[in-house]
Amino acid sequence: MRWIGVLNGPNLNVLGTRQPEIYGSATYEQLRLGLQGKAGSLGVGVEVFQSNHEGELVDRLQAWSAEPDIAGVIVNPAGLGHTSVALRDACELLPCPFVEVHLSNVAAREPFRRTSLLSDLARGVVSGLGVFGYEAALEFLARRPDVP
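Under my numbering, the first residue of the sequence shown carries the number 66, and numbering increases by one thereafter.
See the structure below:
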């Protein structure tokens with residue numbers, strides 16, 4: 066079965082309690098369960114992963130890059146998107162497209178958040194749509210016409 070990986074960076078495990086006025090009130094568990102339900106309705110599998118540690122995120126991307134049935138990856142790098150060359154390099158290993166997702170509108174926030182080391186590699190970028198951004202990215206990756 067084709068499947069989509071969802072990679073979540075630092076602090077996303079505390080969704081719903083960390084600055085809900087910026088990131089929304091949905092919890093990480095609600096996000097994870099919502100993605101599983103959406104993936105099921107689209108006929109694809111999903112693996113959702115979160116870590117506060119850069120090396121663990123890189124390890125997961127490397128593991129996914131060797132998976133023959135992976136159809137795409139959703140990456141919310143959180144704060145690492147502005148700083149991590151290692152995460153960028155790991156994204157380049159992926160044999161499938163990835164979509165960069167941010168819960169908040171990073172273009173409307175502090176200047177340092179407006180730079181992403183991943184955006185130019187991503188098939189697309191979704192920013193500012195809250196948890197719906199993940200659903201939009203998931204649907205795009207699941208319905209891509211160039212995937213058998």
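C-beta: ideal position from N, C-alpha, C; glycine also. Please read these numbers as outputs of a predicted model, since none were measured by experiment.
Between the alpha carbons of residue 160 and residue 193 lies a gap of roughly 27 Å. Its Cα nearest to that of residue 172, the residue 190 stands out among 92, 93, 190. Residue 73 is bridged by DSSP to 115, 141. Residue 192: member of the beta strand (DSSP E) spanning 189-192, first to last residue.
In this model, residue 155 and residue 86 are separated by some 31 Å (Cα to Cα). The three-state reading of DSSP puts residue 157 in helix, counting H, G and I together.
Restricting attention to 81, 199, 118, 176, the CA atom closest to the CA of residue 71 is found in 199. Remark: C-beta atoms of residue 139 and residue 163 approach each other more closely than 8 Å.
For residue 68, the beta-bridge partners assigned by DSSP are 110, 135.
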